[in-house]
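Colleague:
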Amino acid sequence: MWDYSDKVKEHFFNPKNAGAVVEANATGEVGSISCGDALRLTLKVDPETEIILESGFQTFGCGSAIASSSVLTEIIKGMTLDEALKVTNQDIADHLEGLPPEKMHCSVMGREALQAAIANYRGEEWRDDHEEGALVCKCFAIDAVMIEEMVWANKLRTVEDVTNFTKAGGGCAACHEDIEAILEKVLAEKGEKFDPSICSKPEDKQKPAAPEKIAAVKTPLTNLQRIKKIEEVLESLRPALMADGGDVELVEVIGNTAYVNMTGACNGCQMAAMTIAGIQQRLMEVMGEFIKVVPASEMSKLVNIA
Amino acid sequence: MSDIYLDNNATTKVDRAVVDAMIPYFLEQYGNPSSIHKFADGVARGLKQARQQVQALIGCEHDSEIIFTSCGTESNTTAILSAIKCQPNRKEIITTMVEHPAILGVCDQLEKDGYTIHRLPVDKCGRLNLESYKRMLSENVALVTVMWANNETGTIFPVIEMAELANAAGVMFHTDAVQAVGKIPMMLADTKIDMLSISGHKLHAPKGIGVLYLRRGTRYRALLRGGHQERGRRAGTENTASIVGLGKACELALQHIEYENTKVKAMRDRLERGIVDEIPHSFVTGDLNNRLPNTTDIAFEYIEGESILMLLNKAGIAASSGSACTSGSLEPSHVMRAMDIPYTAAHGTIRFSFSRYNTMHEVDEVLKVMPDIVATLRKLSPYWDAQTNTPVANPEQAFAPTYS
Numbered sequence: 001m002w003d004y005s006d007k008v009k010e011h012f013f014n015p016k017n018a019g020a021v022v023e024a025n026a027t028g029e030v031g032s033i034s035c036g037d038a039l040r041l042t043l044k045v046d047p048e049t050e051i052i053l054e055s056g057f058q059t060f061g062c063g064s065a066i067a068s069s070s071v072l073t074e075i076i077k078g079m080t081l082d083e084a085l086k087v088t089n090q091d092i093a094d095h096l097e098g099l100p101p102e103k104m105h106c107s108v109m110g111r112e113a114l115q116a117a118i119a120n121y122r123g124e125e126w127r128d129d130h131e132e133g134a135l136v137c138k139c140f141a142i143d144a145v146m147i148e149e150m151v152w153a154n155k156l157r158t159v160e161d162v163t164n165f166t167k168a169g170g171g172c173a174a175c176h177e178d179i180e181a182i183l184e185k186v187l188a189e190k191g192e193k194f195d196p197s198i199c200s201k202p203e204d205k206q207k208p209a210a211p212e213k214i215a216a217v218k219t220p221l222t223n224l225q226r227i228k229k230i231e232e233v234l235e236s237l238r239p240a241l242m243a244d245g246g247d248v249e250l251v252e253v254i255g256n257t258a259y260v261n262m263t264g265a266c267n268g269c270q271m272a273a274m275t276i277a278g279i280q281q282r283l284m285e286v287m288g289e290f291i292k293v294v295p296a297s298e299m300s301k302l303v304n305i306a
Numbered sequence: 307m308s309d310i311y312l313d314n315n316a317t318t319k320v321d322r323a324v325v326d327a328m329i330p331y332f333l334e335q336y337g338n339p340s341s342i343h344k345f346a347d348g349v350a351r352g353l354k355q356a357r358q359q360v361q362a363l364i365g366c367e368h369d370s371e372i373i374f375t376s377c378g379t380e381s382n383t384t385a386i387l388s389a390i391k392c393q394p395n396r397k398e399i400i401t402t403m404v405e406h407p408a409i410l411g412v413c414d415q416l417e418k419d420g421y422t423i424h425r426l427p428v429d430k431c432g433r434l435n436l437e438s439y440k441r442m443l444s445e446n447v448a449l450v451t452v453m454w455a456n457n458e459t460g461t462i463f464p465v466i467e468m469a470e471l472a473n474a475a476g477v478m479f480h481t482d483a484v485q486a487v488g489k490i491p492m493m494l495a496d497t498k499i500d501m502l503s504i505s506g507h508k509l510h511a512p513k514g515i516g517v518l519y520l521r522r523g524t525r526y527r528a529l530l531r532g533g534h535q536e537r538g539r540r541a542g543t544e545n546t547a548s549i550v551g552l553g554k555a556c557e558l559a560l561q562h563i564e565y566e567n568t569k570v571k572a573m574r575d576r577l578e579r580g581i582v583d584e585i586p587h588s589f590v591t592g593d594l595n596n597r598l599p600n601t602t603d604i605a606f607e608y609i610e611g612e613s614i615l616m617l618l619n620k621a622g623i624a625a626s627s628g629s630a631c632t633s634g635s636l637e638p639s640h641v642m643r644a645m646d647i648p649y650t651a652a653h654g655t656i657r658f659s660f661s662r663y664n665t666m667h668e669v670d671e672v673l674k675v676m677p678d679i680v681a682t683l684r685k686l687s688p689y690w691d692a693q694t695n696t697p698v699a700n701p702e703q704a705f706a707p708t709y710s
């Protein structure tokens with residue numbers, strides 16, 4: 001049995017706001033192929049203030065899907081639609097005192113149902129922005145589709161590349177066989193061959209992982225060039241972070257130290273340090289010079305290696 | 307009410323008599339059976355007796371046809387890899403779509419290595435088509451591996467007949483019988499089955515002990531090498547206490563095989579009928595006329611299995627589900643998919659599997675709580691109309707979420 005938190009059990013055994021809202025004026029219906037779960041969220045929104053007066057759910061799904069639905073209806077009650085749109089799946093998971101990695105998609109389904117309901121209220125068409133695959137990395141809840149996309153987009157060649165870009169495989173390493181299988185498959189589709197003997201050490205000049213659009217720079221950079229380049233690199237990494245519900249922003253560059261803010265789900269995530277290391281690695285590869293990436297919270301100490 | 311265990315196809319309680327038989331092999335006769343001293347001199351006799359006890363249960367000709375392994379999975383893997391190693395020119399394997407992952411996983415891997423895997427489909431009742439099986443048999447086939455009984459539905463496959471057909475075509479035959487041994491009377495000596503896998507913990511022996519039956523004369527290549535144990539066919543120091551325990555468990559299973567097919571079956575039937583009569587939109591999956599006596603797999607439409615299990619667990623009842631959620635995978639059980647059970651039902655399947663330790667009283671307890679559990683979850687379901695207490699009209703159209 002899953003190791004569900006007491007909060008998950010509480011919401012599962014005594015769900016709040018079960019059933020459809022009477023006279024609802026917003027409905028969101030979404031499903032997750034994983035688990036075969038599906039959720040209908042109904043809202044009653046005050047047309048004057050856009051405040052959510054009532055919310056109700058109907059869910060076909062497992063314990064954590066029902067608990068995620070239940071807690072979502074509690075979170076959004078009394079919010080304006082704009083406030084509700086800012087609710088992330090991490091917020092849902094946090095209110096439940098955490099979900100097992102295999103079950104994080106239940107919280108994603110909750111967020112999507114909310115977005116779909118608000119789009120429905122506003123007469124917009126809601127489009128799902130991600131596809132979900134089989135869970136590969138259990139340490140960091142990274143699925144196969146995400147890894148495939150990153151391998152395609154960033155020309156990844158090795159398990160280490162995949163870890164640097166997605167975190168997948170960076171924990172217990174048990175999923176490395178699965179990651180190799182994905183690399184084999186995607187590279188075969190591209191007419192290439194996966195070679196497990198390539199290593200991705202920074203000094204390895206053979207390493208082909210640099211995205212085309214960001215050309216490596218050879219001459220020394222001015223500070224302005226450096227900042228621009230860093231922004232470009234962060235931009236290219238952003239999709240991976242956002243897929244996790246997180247983001248990164250550049251706060252300041254002093255010499256070769258970049259101060260960044262990890263936001264959203266990255267904020268306070270145990271993996272932030274590893275993510276920062278990944279960003280640093282990436283920056284060094286692209287810029288061809290030593291860059292230190294430091295959380296902005298360290299800025300007061302003004303650590304500057306240069 | 308004390309807890310009710312109805313998950314015996316997952317694993318079983320170790321019989322007290324089995325534990326008692328094992329204890330001397332931890333505390334007194336703990337010597338390595340290969341050693342020449344008094345700590346070991348009783349061990350060889352213990353192993354010999356266990357071999358004979360297993361032999362009696364499965365009705366094989368010689369006790370030397372019994373190879374002790376660490377588990378059913380090891381037995382399955384050994385059987386498949388041995389067959390292909392012996393016959394390097396044969397590059398095909400025949401199996402079914404509903405095998406246990408311990409078979410399918412090995413086959414998937416061999417497929418990557420260039421082998422052709424024929425996976426026999428099943429009909430909506432989980433039955434095989436023997437005509438298409440016959441057509442697949444050829445001199446390119448290294449092995450047929452077909453389970454004796456399915457772990458989810460209990461459906462029994464005609465392995466004796468299939469082994470005859472394979473034998474006539476000159477093809478080796480293996481069966482994964484971990485669910486069948488102890489529930490179905492067998493006389494392997496009268497069959498053409500070449501290899502058969504047993505798992506101890508499915509029949510009240512401990513976990514971590516299994517058997518590969520290997521018919522005398524069947525060509526064989528050991529998986530684990532580097533020791534004379536099991537006549538060189540499975541190297542590694544014997545798990546003596548567990549082997550002795552498995553022997554005792556087989557002896558007890560033989561004594562209870564009639565009980566399994568009468569009393570245990572009666573409990574299963576009563577639970578099954580009670581549920582299907584009481585709860586609308588529920589149905590039994592598998593081949594109802596040809597099943598293990600202890601297993602029933604019931605689909606509850608429009609609700610999801612893990613939720614049912616959590617509520618059952620709260621009521622002190624242990625069962626299991628073919629839903630995707632319980633395993634963390636993407637799809638409901640491959641067995642349900644192979645039988646073409648609709649998704650809204652496949653996700654809500656619950657398997658109740660009995661043992662000789664269950665009682666009729668427990669069946670009544672389950673029947674008391676089951677209708678409420680299903681009703682509670684259906685109230686939450688978007689496919690269910692809470693007002694009329696029936697499924698919504700055209701459920702697939704009435705609720706058609708955007709799937710990601």
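Residue numbers (my numbering), protein chains in the order written: chain A, 1 to 306; chain B, 307 to 710. Note that beta-carbon positions come from the ideal geometry of N, C-alpha and C, so glycine has one too.
Distance, Cα to Cα, Thr665(B) vs Val320(B)?
Modeller: Translated into the one-based positions of the second sequence, residue 665(B) becomes position 359. Translated into the one-based positions of the second sequence, residue 320(B) becomes position 14. Taking the straight line from one Cα to the other gives about 17 Å.
Colleague: Does Ser308(B) come out as helix, strand or coil in the three-state DSSP assignment?
Modeller: Within the second sequence, numbered from 1, the residue matching residue 308(B) stands at position 2. Coil.
Colleague: For Asp575(B), which of helix, strand or coil comes out of DSSP?
Modeller: The residue you call residue 575(B) lines up with position 269 of the second sequence. Three-state DSSP puts Asp575(B) in a helix.
Colleague: For Phe194(A) and Leu183(A), which I take to be in contact (beta-carbon distance under 8 Å), what is that distance rounded to the nearest angstrom?
Modeller: Looking up residue 194(A) in the first sequence gives position 194. Looking up residue 183(A) in the first sequence gives position 183. Indeed they touch by this definition, with Cβ atoms about 5 Å apart.
Colleague: Report yes or no: is there a C-beta of chain A within less than 8 Å of the C-beta of Lys685(B)?
Modeller: The sequence position of residue 685(B) within the second sequence is 379, counting from 1. So, interface residue.
Colleague: Using the C-alpha atoms, what's the distance from Gln281(A) back to Glu231(A)?
Modeller: For the purposes of this step, residue 231(A) is taken as the residue at position 231 of the first sequence. For the purposes of this step, residue 281(A) is taken as the residue at position 281 of the first sequence. Their backbone Cα atoms lie some 15 Å apart in a straight line.
Colleague: Going by DSSP, which residues form a beta bridge with His640(B)?
Modeller: Here residue 640(B) refers to the residue found at position 334 when the second sequence is read from its first residue. Answer is none; His640(B) lacks a bridge partner.
Colleague: Among Gly170(A), Glu54(A), Asp161(A) and Val186(A), which residue has its Cα nearest to the Cα of Val22(A)?
Modeller: Here residue 22(A) refers to the residue found at position 22 of the first sequence. Taking only the C-alpha atoms, the option nearest Val22(A) is Glu54(A).
Colleague: My output table needs one value for Pro47(A): the three-state DSSP class, helix, strand or coil.
Modeller: The residue labelled residue 47(A) in the question sits at position 47 within the first sequence. Of the three classes helix, strand and coil, the one that applies to Pro47(A) here is coil, per DSSP.
Colleague: Does Thr568(B) pass the burial test, meaning 16 or more other C-beta atoms within 10 Å, or should it be called exposed?
Modeller: Residue numbering aside, residue 568(B) sits at position 262 when the second sequence is read from its first letter. Exposed: under 16 other Cβ atoms inside 10 Å.
Colleague: So, with DSSP's three-state summary, where would you put Leu449(B)?
Modeller: Here residue 449(B) refers to the residue found at position 143 when the second sequence is read from its first residue. Residue state, collapsed to three classes: strand.
Colleague: If you drop the 5 nearest sequence neighbours on each side, which residues of the same chain put their C-beta closer than 8 Å to that of Ala624(B)?
Modeller: As a first step, residue 624(B) must be located in the second sequence, where it is residue number 318. Excluding sequence neighbours, Ala624(B) sits near Asp309, Ile310, Tyr311, Leu312, Asp313 and Leu618.
Colleague: How would you call Leu237(A), buried or exposed, if buried means at least 16 neighbouring beta carbons within 10 angstroms?
Modeller: For the purposes of this step, residue 237(A) is identified with residue 237 of the first sequence, where counting begins at 1. Under this definition Leu237(A) is a buried residue.
Colleague: What residues from the segment 108-129 of chain A come within 9 Å of chain B, judged by C-beta to C-beta, listed N to C?
Modeller: Listed in sequence order: Val108, Met109, Glu112, Ala113, Ala116, Trp126, Arg127, Asp128 and Asp129.
Colleague: Below 8 Å CB to CB, which residues in the same chain sit around His587(B) once its five sequence neighbours on both sides are set aside?
Modeller: Position 281 of the second sequence, counting from 1, holds the residue named residue 587(B). Once the five neighbours on either side are set aside, the close Cβ partners of His587(B) are Phe606, Glu607, Tyr608 and Pro697.
Colleague: Considering only the beta carbon of each residue, do Ile142(A) and Ala168(A) sit closer than 8 Å?
Modeller: Stepping through the first sequence from its first residue, residue 142(A) is reached at position 142. Stepping through the first sequence from its first residue, residue 168(A) is reached at position 168. Yes, Cβ-Cβ distance for Ile142(A) and Ala168(A) is below 8 Å.
Colleague: Can the beta-carbon of His653(B) be found less than 8 Å from the beta-carbon of Glu610(B)?
Modeller: Translated into the one-based positions of the second sequence, residue 653(B) becomes position 347. Translated into the one-based positions of the second sequence, residue 610(B) becomes position 304. Closer than 8 Å, so yes.
Colleague: Quick one: is Ala704(B) buried, meaning 16 or more other Cβ sit within 10 Å of its Cβ, or exposed?
Modeller: Residue numbering aside, residue 704(B) sits at position 398 when the second sequence is read from its first letter. Looking at its Cβ environment, which holds fewer than 16 other Cβ atoms inside 10 Å, Ala704(B) is exposed.
Colleague: Can Val590(B) and Val404(B) be called in contact, C-beta distance under 8 Å?
Modeller: One-based indexing of the second sequence puts residue 590(B) at position 284. One-based indexing of the second sequence puts residue 404(B) at position 98. In this structure, Val404(B) does not lie closer than 8 Å to Val590(B) by Cβ.
Colleague: Would you report the Cα separation of Ala511(B) and Ile179(A), rounded to the nearest angstrom?
Modeller: One-based indexing of the second sequence puts residue 511(B) at position 205. One-based indexing of the first sequence puts residue 179(A) at position 179. The alpha-carbon atoms of Ala511(B) and Ile179(A) are separated by roughly 38 Å.
Colleague: I need the DSSP call for Asp321(B), collapsed to helix, strand or coil.
Modeller: In the second sequence, residue 321(B) corresponds to position 15, counting from 1. Coil, per DSSP.
Colleague: I want to see whether chain A comes within less than 8 Å of Lys620(B), judged by CB atoms only; does it?
Modeller: Position 314 of the second sequence, counting from 1, holds the residue named residue 620(B). Judged by the 8 Å Cβ criterion, Lys620(B) is in contact with chain A.
Colleague: State whether the segment 473-482 of chain B contacts the segment 349-360 of chain B, with contact taken as three or more CB pairs (one from each stretch) at a distance under 8 Å.
Modeller: Flag = no, the segment 473-482 of chain B and the segment 349-360 of chain B do not touch.
Colleague: Which runs of the alpha helix (DSSP H) fall wholly inside the segment 353-388 of chain B and span at least 4 residues, in chain order?
Modeller: Listed in chain order, nothing qualifies, since the segment 353-388 of chain B has no complete alpha helix (DSSP H) run of 4 or more residues.
Colleague: Report yes or no: is there a C-beta of chain E within less than 8 Å of the C-beta of Ala605(B)?
Modeller: Annotation note: the requested chain E is absent from the structure, which comprises protein chains A and B.
Colleague: Measure how close the beta-carbons of Val159(A) and His176(A) come, nearest whole angstrom, since I'm counting them as under 8 Å.
Modeller: By one-based count along the first sequence, residue 159(A) stands at place 159. By one-based count along the first sequence, residue 176(A) stands at place 176. Yes, Val159(A) and His176(A) are in contact; Cβ-Cβ is about 5 Å, under 8 Å.
Colleague: What do you reckon, are the CB atoms on Met104(A) and Ala93(A) nearer than 8 Å?
Modeller: Taking the first sequence and counting its residues from 1, one reaches residue 104(A) at position 104. Taking the first sequence and counting its residues from 1, one reaches residue 93(A) at position 93. Contact: yes.
Colleague: Answer yes or no: do Pro295(A) and Ile279(A) have a C-beta to C-beta separation smaller than 8 Å?
Modeller: Position 295 of the first sequence, counting from 1, holds the residue named residue 295(A). Position 279 of the first sequence, counting from 1, holds the residue named residue 279(A). Going by C-beta atoms, Pro295(A) is not nearer than 8 Å to Ile279(A).
Colleague: Can you find the residues in the same chain that come closer than 7 Å, C-beta to C-beta, to Ser505(B), ignoring five residues on each side of it along the sequence?
Modeller: Your numbering for residue 505(B) matches position 199 in the second sequence. Excluding positions up to five away in sequence, the list reads Cys377, Gly378, Val484 and Gly516.
Colleague: State the CB to CB distance for the pair Leu598(B) and Thr384(B), rounded to an integer number of angstroms; the pair is presumed to be in contact (CB under 8 Å).
Modeller: Translated into positions along the second sequence, residue 598(B) becomes position 292. Translated into positions along the second sequence, residue 384(B) becomes position 78. Incorrect: roughly 25 Å between the Cβ atoms, too far for contact.
Colleague: For chain A, is any of its Cβ atoms less than 8 Å away from the one on Thr708(B)?
Modeller: Your numbering for residue 708(B) matches position 402 in the second sequence. True, the Cβ-Cβ gap to chain A drops below 8 Å.
Colleague: Contact defined as beta carbons within less than 8 Å: I believe His424(B) pairs with Glu398(B). What is the distance between those atoms, to the nearest angstrom?
Modeller: Translated into the one-based positions of the second sequence, residue 424(B) becomes position 118. Translated into the one-based positions of the second sequence, residue 398(B) becomes position 92. So it is a contact: roughly 7 Å between Cβ atoms.
Colleague: If we ignore side chains and look at the alpha-carbon of each, how far apart do Leu416(B) and Met492(B) end up?
Modeller: Numbered from 1 along the second sequence, position 110 holds the residue referred to as residue 416(B). Numbered from 1 along the second sequence, position 186 holds the residue referred to as residue 492(B). Their Cα atoms are separated by approximately 31 Å.
Colleague: Using a Cβ cut-off of 7 Å, pull out every chain A residue sitting near Ala692(B), in sequence order please.
Modeller: Counting from one through the second sequence, the residue named residue 692(B) turns up at place 386. In chain order: Gly19.
Colleague: Just checking: is the beta-carbon of Phe13(A) within a distance shorter than 8 Å of some beta-carbon in chain B?
Modeller: As a first step, residue 13(A) must be located in the first sequence, where it is residue number 13. Cβ-Cβ to chain B under 8 Å: yes for Phe13(A).
Colleague: Since His653(B) is in the alpha helix (DSSP H), which residue starts that stretch and which ends it?
Modeller: Residue mapping note: residue 653(B) aligns to position 347 of the second sequence, counting from 1. His653(B) -> no alpha helix (DSSP H), and no H or E assigned at all.
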